[in-house]
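Colleague: Sharing a structure below in structure tokens format, with a few things to ask.
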Amino acid sequence: MTTELLLDHMTKQLRMPSVARQYRSLAREAEERNLSYEEYLLALLEVEVATREENQRQRRLKQAKFPVHKTLDMYDFSLMPSLNRNRFLTLAKGDFIEKKENIIFLGNSGTGKSHLSTGLGIELIQNGFNVKFITAAELVEELLMANEEHKRGAFEKKWLKYDVIIVDELGYVPFSRTGAELLFQFFSGRYERASVIITTNLEFSEWTTIFGDEKMTAALLDRLTHRSHIHLLNGESYRFRQSLRQANQGVEGARDVYDSGPSGPES
């Protein structure tokens, strides 16, 4: 009993809650399987490491602040033939982050840009990267506040801790001149230092409507597209086609039930 009390105390002091929960049951299993001390110790540490890794993943998911949880598996790539699912799975391994590259999704509203960026972000978190999701409007609002409080340097330094930032809906909301300049500086500050994923409904030629100044826009595009993976999502709304497919499946299912129902009285 004294040994168990000491073990409970030490595992608490060392912050090893999984070892504390599992050492008794694993000890019985090790005895039954005639495992060596080293094998028993390895089994205990594997449980602790697995628990810590899962806890870290959950913390990274929480701090990413995705508005909805949408994975790549939930995206129907058959509705957007121009996209290659395997290509996204390769990107999810994070090589583009190691190379300080960017990803840009351009397309009409409803084509699944936010879904794909979120799904990619979730996969990256599973692979150990720190991700942050924010809309362009929210980012500009925070930049303006940091600028007013003379804390922009600290703000941008804090955001550099994220391996990749997903800036969603660029172009949906117009910015003030100051806001556009701050956003330009923010993106420029991450150039070749950290990655961004951007979703936008505007073609590159239309970005002057966001940033106003043509030279500033050209300079920004030069930086963002220099080392980028650009995905075009054009055509009919992905959401519309997905809803239409689900509706058709519902009609077909109802028709099957009707056709397989009891027949009327024979004449």
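Reminder that position 231 of the sequence shown reads as 292 in the working numbering, one-by-one numbering, no gaps.
Even glycine gets a Cβ: it sits at the ideal position worked out from N, Cα and C.
Computed from a predicted model, the values in this text were never measured in an experiment.
Determine the contact status of residue 132 and residue 183, defining contact as a CB-CB distance below 8 Å.
Modeller: What you label residue 132 is simply residue 71 of the sequence shown in a count that begins at 1. What you label residue 183 is simply residue 122 of the sequence shown in a count that begins at 1. Result yes, Cβ atoms of residue 132 and residue 183 sit closer than 8 Å.
Colleague: Ignoring anything shorter than 4 residues, give me the alpha helix (DSSP H) runs that lie fully in the stretch 139-184, in order along the chain.
Modeller: With a minimum length of 4 residues, the continuous alpha helix (DSSP H) runs that stay inside the stretch 139-184 are 146-152, 156-159.
Colleague: Taking the straight line between their C-alpha atoms, what separation do you get for residue 180 and residue 67?
Modeller: For the purposes of this step, residue 180 is identified with residue 119 of the sequence shown, where counting begins at 1. For the purposes of this step, residue 67 is identified with residue 6 of the sequence shown, where counting begins at 1. Each residue's alpha carbon lies about 45 Å from the other.
Colleague: Could you say which of 200, 270, 219 lies nearest to residue 229 if we only look at CA atoms?
Modeller: Taking the first residue of the sequence shown as 1, we reach residue 229 at position 168. Among 200, 270, 219, the Cα nearest to that of residue 229 is on 200.
Colleague: Alpha carbons only, please: which of 268, 92, 142 is nearest the one belonging to residue 173?
Modeller: On the sequence shown, residue 173 is found 112 positions in, with the first residue counted as 1. When only C-alpha atoms are compared, the closest one is 142.
Colleague: Helix, strand or coil, according to DSSP, for residue 229 in the structure here?
Modeller: Position 168 of the sequence shown, counted from the first residue, corresponds to residue 229. Residue 229 falls in the strand class under three-state DSSP.
Colleague: Distance, Cα to Cα, residue 316 vs residue 137?
Modeller: Position 255 of the sequence shown, counted from the start, is the residue given in the question as residue 316. Position 76 of the sequence shown, counted from the start, is the residue given in the question as residue 137. Model confidence at residue 316 stands at a pLDDT of 46, short of 50, so the residue's coordinates are unreliable; what they give is reported in the following sentence. Answer to the nearest angstrom: the Cα atoms are 24 Å apart.
Colleague: Is residue 104 closer than 8 Å to residue 122 when the C-beta atoms are compared?
Modeller: Walking along the sequence shown from the start, residue 122 turns up at place 61. Walking along the sequence shown from the start, residue 104 turns up at place 43. Contact: no.
Colleague: Using 10 angstroms around the beta-carbon of residue 144, count the other beta-carbons present and answer buried if the total reaches 16, otherwise exposed.
Modeller: The sequence position of residue 144 within the sequence shown is 83, counting from 1. The residue in question, residue 144, is buried, as its Cβ has 16 or more Cβ neighbours within 10 Å.
Colleague: By Cβ distance below 8 Å, which residues in the same chain neighbour residue 325 in space, the five residues on each side in sequence not counted?
Modeller: The sequence position of residue 325 within the sequence shown is 264, counting from 1. Legend: pLDDT at residue 325 = 42, less than 50; position of this residue unreliable, value from coordinates given subsequently. Answer for residue 325: no residue qualifies.
Colleague: DSSP beta-bridge partners for residue 292?
Modeller: Counting from one through the sequence shown, the residue named residue 292 turns up at place 231. Answer by DSSP bridge pairing, in chain order: 166.
Colleague: Under three-state DSSP, which class holds residue 132?
Modeller: On the sequence shown, residue 132 is found 71 positions in, with the first residue counted as 1. Three-state result, residue 132: coil.
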